[in-house]
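Protein chains: 2
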Amino acid sequence: MSIGLSLPRADGAEKLSGRATYTADIARPGMLHAKLLRSSHAHAKLLRVDASRARTAPGVHAVLTREDVPSGLMPIYGYFIKDQPIVATDRVRYIGDIIAAVAAETEAQAVAALALIEVEYEALPVVASIEAALAEGAPELFPTAPMGIVPAYGEGARGALRPAANICFEFGYRMGEPSVFDTCDHVFEDEFRFSRMWHYHLEPFVSVADVRDGRIEVWSSNQNPFPLRKELSRIFRMPENAITVRVPYVGGGFGAKNNCKTEPAAVLLSMLAQRPVRLALTLEEGFLTNTQHAAILRLRTGVMSDGRLVARQSHIELDSGAYSDASPLVAEKAGYRIPGPYQWEHVDSLCRCVMTNTAPAGPFRGFGGTQAAWASESQIDMIARRLGLSPLAMRQKNLLKLHQAFMPGESGVDSDLEDGLQTVLAALHHTPAPDRGLGFAVGFKDGGGVNKPAQARVKVSTNGDVFLGCGTVEIGQGARTAMPQIVAEILGTSAARVRVAPIDTDHTPFDQGTNASSGVAVMGQAVARAATAVRDQVLAFAAARMGAPPDTLRLEDWHIIRGNERLPLGPMIMRHYGGTGFEFTADGFFKSEADHHAPLEARCVYWEIGWAAAEVEVDRGTGQFTVTQLVVAGDAGRAINPMLCRGQDEGSAIMGYAQAMFETMRYDAAGELLNGDALHYRVPLADDLPARFTALTLEQGHGPGPFGSKGLGEGAMLPVTAAIANALHDAVGIRITELPLTPERVLHALDQLSTAKALP
Amino acid sequence: MSIGLSLPRADGAEKLSGRATYTADIARPGMLHAKLLRSSHAHAKLLRVDASRARTAPGVHAVLTREDVPSGLMPIYGYFIKDQPIVATDRVRYIGDIIAAVAAETEAQAVAALALIEVEYEALPVVASIEAALAEGAPELFPTAPMGIVPAYGEGARGALRPAANICFEFGYRMGEPSVFDTCDHVFEDEFRFSRMWHYHLEPFVSVADVRDGRIEVWSSNQNPFPLRKELSRIFRMPENAITVRVPYVGGGFGAKNNCKTEPAAVLLSMLAQRPVRLALTLEEGFLTNTQHAAILRLRTGVMSDGRLVARQSHIELDSGAYSDASPLVAEKAGYRIPGPYQWEHVDSLCRCVMTNTAPAGPFRGFGGTQAAWASESQIDMIARRLGLSPLAMRQKNLLKLHQAFMPGESGVDSDLEDGLQTVLAALHHTPAPDRGLGFAVGFKDGGGVNKPAQARVKVSTNGDVFLGCGTVEIGQGARTAMPQIVAEILGTSAARVRVAPIDTDHTPFDQGTNASSGVAVMGQAVARAATAVRDQVLAFAAARMGAPPDTLRLEDWHIIRGNERLPLGPMIMRHYGGTGFEFTADGFFKSEADHHAPLEARCVYWEIGWAAAEVEVDRGTGQFTVTQLVVAGDAGRAINPMLCRGQDEGSAIMGYAQAMFETMRYDAAGELLNGDALHYRVPLADDLPARFTALTLEQGHGPGPFGSKGLGEGAMLPVTAAIANALHDAVGIRITELPLTPERVLHALDQLSTAKALP
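Same order as they appear, the protein sequences are chains A and B. The first sequence begins at 1 in our numbering and counts up by one. The second sequence begins at 1001 in our numbering and counts up by one.
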């Protein structure tokens, strides 16, 4: 029995000892090292890029500027909208935009050569914020619209490319009649601001490319090997079977390592140099590569006096930075999730992606759900207090019930939302005291990725050694530990006998990517089906050999059990298949159920839920406050490996806590990032954690994944910011609507509160 | 349409330009280079192996002697009998036996360090030939029997381990009643000798091993990646999923590159050095590693005066050399095939593997069938002449008919044997002249490997790029060209869109090996089934999308054809599976039909047939003779790629011709190989070929493989030696029963003939 055991990580020993292979550890014979030249201007025309001195610098084998891109390629990439050049062509759009690259024998030589490249800019006006980008007469980042596609949507939902200047995409969703607003006792309008955050994946962006004989081999720290292959195929106009993507261990991604990042430049340099090329960014360059969307969220919510929620209109502006990346998909999710897990008569949601002269924003743990939960769970609390209701009672009245559909055509909620809320509240030992407050919130997102197919393969050698082929990247979440537990449980063997084969797109079964907490809930279903199919094959084989009905046999430790008999399979296989044995093999497939009435075209695979309760104590004199207790919970449905689940819940809660308390990328009006390095970008240290911090993994048992499991990599992050803001309100009566919740903002709010009270 | 096209080799450009990757081209960071210390004695006790000076020699990272093998391993290997040590322990058994190995930073340093290893021998008596080994009181190579297993056999067949001193295995087969000998008009007894030959694969034995973190990675020039993995698993007591075997292009094998050769030593050195290790042998070391079995074949054949063959008793001794390698399997095949393709009432066959103090013998193109055909086709000819019958008429009377079973329970012959014989005779433009003669013969073997299962996988990307996963090693036979043709034909695409994924045992579907001409006839069936399954999946998918019955749709160039409509599949897939696409995937499986009445437990997959006709002209003064014409034919059933088939027929015919005319490994009585290098081992040059040399590929259409195909990598080799010997008999009345057919032997035979005639 493997399910429910907190087995140690399969990759633990390797990683702790430093022997584990990450992309940065890949070395190829004759490999060169590449570095990038980045724009020092936030917005400028590129008048001249002269790399002639760099080309003859010591050790240099290839220089890549806009002049070096071979004709016939399509050197522009992007998730939905193809707007990001491998190297800048006519203009640069943010400080850090890539202008040139050099591959040399050493990194130092590459860096030295970059300094020899002369760039002449013609500065353009800069828009470094959502407001600036949307201001009347603001300069446009893309005067002509780049090529893009609109995802397909179902009933009530729509998408549009470039609906206005500096907006690359907007998502809209409407359900029910807007006229119900007129029937509401109260309509509240509030605005919230969500800060820009960096993923802070400890392993920087890195890839190794080896191009030869009309083939591309890429090793990359990337969450999505198959989509990467597809994008490279499109850029380089090569068939997908001429491109091999391999992904070793990934040292964290949190969404950042999607689609293309360093890969196209590495490939182009390898083409030019005819040598393998390694392109490893520094940690600081990560800040310039991908970020979480800052946002302005305006909510207009209609309620009855008894607290019943009726209607919500929302307008979200996401700061997408200079290139679209996954912004359209993040907009869709933020816009879809903004109503929160409540029963509404009417929803009218609009979410727009605003282009600014800052680093591109893309997928980030929570994926729009974080922004949505911050605003929605803050406003629910505010409304309860305005109506004189308890925030708990108000939620109890409105929360979706177990199995109730979120929106028409959508799948039912597969967690008991109130039960989870009661659980975290019970676990928080709150006793009221002056300047001490209690807050809580529910985080909620459609999990697993819409429409996503997954394939997996299980094969077992003559001796019962199991191989699992599965495209889920081991990115720290424990896939290489949990997936084998699923397989082992079904095959009646131990997880230690199951090895996950390295990811290689030539061989690994297709998968759309490691994201949306889809490992166990989506890929896990494909894995379980593959394992079940192999088990059935083996039992049928044994049944035929033994002349017994398959349903009288059972598989255990690679033996066939029939009553009291225990027959080893190895010799049975050798007898039938000859001296060198055999491998039983089967594939498993999973795809979320299609529903043409669902707004996002297919029903959500499962619902990812997190609950948080926080207690704060505020120093009214300084604005300093302490989160004295933080209790979070995620619902694993069924925990395949409880320790790994707890790791996910703790990690995501801390990421939410970090955003609540510290983390924010600060840009000035000229588009300069003021704290884009490890020293100035404040992340929580162990010391900064709440004195009492508890992450609970619930097993409510309603997940669609193997054994009732579901995903939980993001849930516990979602409610933390609002829970702490709500606790501040409870403690000292202030409402902060902008992240992070700094002492300065608390002090300012306290000042405003006393000023307001002091007024006649 | 791809089948039947002589498409150029998919690997041609890479190989001709020198860019193709062979194992010798694999470089790993920090890789060391290894060399081997070999015994200078043919048979000796090893009193002392002192490597202490080598261990501190410059650049040396690891030394492997019998003292360095970690305890707990099973450092002895062998196909069926585990008798060959990785490094010698108590004794050495042939000149070239491995005593020690060194891994150093350079090959030169490794060679230098080997010279510092001191070895003290106590010489033992040597048996360097079959006769010496079987002589009364001969010293035994293995005074105690090594561990071994006996393959399973069906009716009439049996195997036995070590039935007598210096015999490691014997195979026996009996069909019908021996008493029919008494009813025969004549019983003829003849003895034939078959020479030892070297495979002469141009790429030497080479492997690279990288052992770390409890895992073994091996790149090897090996025909059988999965059996190699299995043997390494046994030796190193590691699970099969902790071992990855990768096989790049192989530069020829002809059977030699089976099971373990350089791999275990490379792995052990990598374990000891904790660095990757490359062990590349020289061409000359190949002579010391694996060879073709020399043989003594005694035939006792009962016939009627009208030429009807009735009964054959045979006794074959194979010279297995010092270690058993694949000898038991070769013995089985030689013993099973010795009756030839004729209708018998009684067969009684015994084949024994004799251990001698010479290089080990193993699989070789023809695999026992070559020895059998040499003796059998010579004797049929001799008997015809003794009875005053034409050799053609005699064969016509006795040849198995199309679909007639070779032995009880066995599958029917799937070639028209007489038709092929008439075809080669018609193509040979023989006009009688003094000292000119015509000979011919039929080669015959059960093809495809007994009992062998094969798996393959086909997957197709969103855009219709096809991946083929298939364990057949590209060893020069053209598998990477022919297999894609099969897939392309079934998927309605071009072969250029099908890429064979590199072989990697973690991922590649299981296969027992690239041998027995099984590529098209065995693996090809699995490949065709996988392609068919994918095609059916795609048509079912399109049918569901289009609301049309699948049988109204057709697949062509990744478009769905319905009547005059031609719908591209890519967009249809993207709509259904979302933005990053999908891969359709299916596996195919093939296994030969089991039959418990068949002597070898499963029926033969197909029959590999070759026909040869030769014309010779003899110079009676010198014994020099010329093969003025050689016509061979193989039956491809249906030629997937006619040019590749012709390459196989030409190549195997030349290998037979080479053995007939030149090639032989010569040992002296002390076990020293006298011609084990490229200068002294005589292979045919282009100049040496017959003035008229024609290789015909027949397409008789009865193969069980895709589109009626069958294997043909070995057939045309089998009959060549007997055809030439028969032509010599026809030309000048001599009968040579020992290979090669040197001028000395011809002259000697002519002398004996004239002496005999001169006798009163």
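Using N, Cα and C, we set each Cβ at its ideal position, and we do this for glycine too.
Quiz prompt | Span of the beta strand (DSSP E) around THR1301 (chain B) | solution = Segment 1294 to 1303, the beta strand (DSSP E) holding THR1301 (chain B).
Quiz item: So what's THR370 (chain A) in DSSP terms, helix, strand or just coil?
Solution: Looking at THR370 (chain A) - three-state DSSP - the assignment turns out to be helix.
Practice problem: Please check the pair ALA1586 (chain B) and ALA1530 (chain B), which I expect to be a contact at CB under 8 angstroms, by giving their CB distance rounded to whole angstroms. | Solution: 5 angstroms
Self-check item: beta strand (DSSP E) segment containing LEU309 (chain A), residue limits
Solution: 309 to 321
Quiz item: Going along the chain, which residues of its own chain have a beta-carbon closer than 8 angstroms to the beta-carbon of LEU674 (chain A), five neighbours each way excluded?
Solution: ARG666, TYR667, ASP668, HIS680
Quiz item: Taking contact to mean at least 3 C-beta pairs separated by less than 8 angstroms, is the segment 1626 to 1646 of chain B in contact with the segment 1327 to 1338 of chain B?
Solution: no
Exercise. Have a look at ARG38 (chain A) and ILE609 (chain A) and give me their C-alpha separation to the nearest angstrom.
Key: 40 angstroms
Quiz item: Helix or strand or just coil, what does DSSP make of LEU228 (chain A)?
Solution: helix
Quiz prompt | Three CB pairs or more closer than 8 angstroms across the segment 1227 to 1243 of chain B and the segment 1287 to 1307 of chain B | solution = No: the two stretches stay apart, fewer than three of their Cβ pairs being nearer than 8 angstroms.
Practice problem: Using three-state DSSP, classify VAL218 (chain A) as helix, strand or coil. | Solution: strand
Practice problem: Name, please, each residue of chain A whose Cβ falls closer than 8 angstroms to the Cβ of GLN1455 (chain B). | Solution: GLU583, THR585
Quiz item: Under a CB-based cut-off of 8 angstroms, is LYS230 (chain A) close to chain B?
Solution: yes
Quiz prompt | 8 angstroms contact criterion, which SER1320 (chain B) and CYS1184 (chain B) should meet: CB distance rounded | solution = That pair is no contact at about 33 angstroms.
Quiz prompt | Within-8 angstroms CB hit, ASP1506 (chain B) to chain A | solution = yes
Self-check item: At least three beta-carbon pairs within less than 8 angstroms, the segment 517 to 529 of chain A to the segment 468 to 481 of chain A
Solution: Touching, yes, given that three or more Cβ pairs across the two stretches are closer than 8 angstroms.
Quiz item: Is the distance from the Cβ of PRO1276 (chain B) to the Cβ of GLY1030 (chain B) below 8 angstroms?
Solution: With contacts defined by Cβ atoms closer than 8 angstroms, PRO1276 (chain B) and GLY1030 (chain B) form a contacting pair.
Quiz item: Taking C-alpha atoms, which residue in A:SER349, A:ALA361, A:LEU387, A:PHE254 lies nearest to SER305 (chain A)?
Solution: A:LEU387
Exercise. With DSSP collapsed to three states, give me the class of MET717 (chain A).
Key: helix
Quiz item: Smallest Cα separation from ILE86 (chain A): which of A:VAL127, A:GLU105, A:LEU36?
Solution: A:LEU36
Quiz item: Which bits of chain B does ARG575 (chain A) rub up against, with CB to CB less than 8 angstroms?
Solution: ALA1152
Quiz prompt | Cross-chain neighbours of VAL466 (chain A) in chain B, by beta carbon under 8 angstroms | solution = Within chain B, the residues placing a beta-carbon under 8 angstroms from that of VAL466 (chain A) are ASN1241, ordered along the chain.
Quiz item: Can you tell me the Cα-Cα spacing of ASN259 (chain A) and ALA456 (chain A), whole angstroms?
Solution: 21 angstroms
Self-check item: Buried or exposed by the 16-neighbour rule on C-beta atoms within 10 Å, applied to LEU539 (chain A)
Solution: buried
Exercise. Starting from THR580 (chain A), find everything on chain B with Cβ-Cβ shorter than 8 angstroms and list it in chain order.
Key: ASN1224, PHE1226, PRO1227, LYS1230, GLN1512, GLY1513
Practice problem: List the residues of chain A that ASN1290 (chain B) touches, going by C-beta distances under 9 angstroms, in chain order. | Solution: Ordered by position in chain A, no residue passes the 9 angstroms Cβ test against ASN1290 (chain B), which lies about 18 angstroms from the chain.
Quiz item: Taking the alpha carbon of ARG337 (chain A) as the point to measure from, which residue in A:ARG497, A:MET175, A:ILE654, A:PHE236 has its own alpha carbon closest?
Solution: For the options A:ARG497, A:MET175, A:ILE654, A:PHE236, the alpha carbon positioned closest to that of ARG337 (chain A) is the one of A:MET175.
Quiz item: CA-CA distance, LEU1600 (chain B) and GLY1154 (chain B)?
Solution: About 5 angstroms.
Quiz item: Ends of the alpha helix (DSSP H) at ILE654 (chain A)?
Solution: 642 to 661
Quiz item: Of all Cβ atoms in chain A, is any one closer than 8 angstroms to the Cβ of PRO1029 (chain B)?
Solution: yes
Quiz item: From GLY1366 (chain B) to GLN1292 (chain B), what does the alpha carbon distance come to, in whole angstroms?
Solution: Straight-line measurement puts the Cα of GLN1292 (chain B) at about 10 angstroms from the Cα of GLY1366 (chain B).
Practice problem: Return no unless some Cβ of chain B is closer than 8 angstroms to the Cβ of GLU410 (chain A). | Solution: no
Quiz prompt | ARG1497 (chain B) burial status per 10 Å Cβ neighbour count (16 or more: buried) | solution = buried
Quiz prompt | Residue closest to ALA1295 (chain B), alpha-carbon to alpha-carbon, out of B:ARG1019, B:GLU1284, B:GLU1317, B:LEU1279 | solution = B:GLU1317
Exercise. Give the secondary structure of MET1271 (chain B) by DSSP, where H, G and I count as helix, E and B as strand, and everything else as coil.
Key: helix
Quiz item: Can you list, in chain order, the residues of its chain whose CB lies under 6 angstroms from that of ARG996 (chain B), leaving out five sequence neighbours each side?
Solution: The structure shown has nothing for residue 996 (chain B), since chain B only spans 1001 to 1760.
Practice problem: Please go through the segment 1605 to 1637 of chain B and give each complete alpha helix (DSSP H) segment of 4 or more residues, from N-terminal end onward. | Solution: Within the segment 1605 to 1637 of chain B, no complete alpha helix (DSSP H) run reaches 4 residues.
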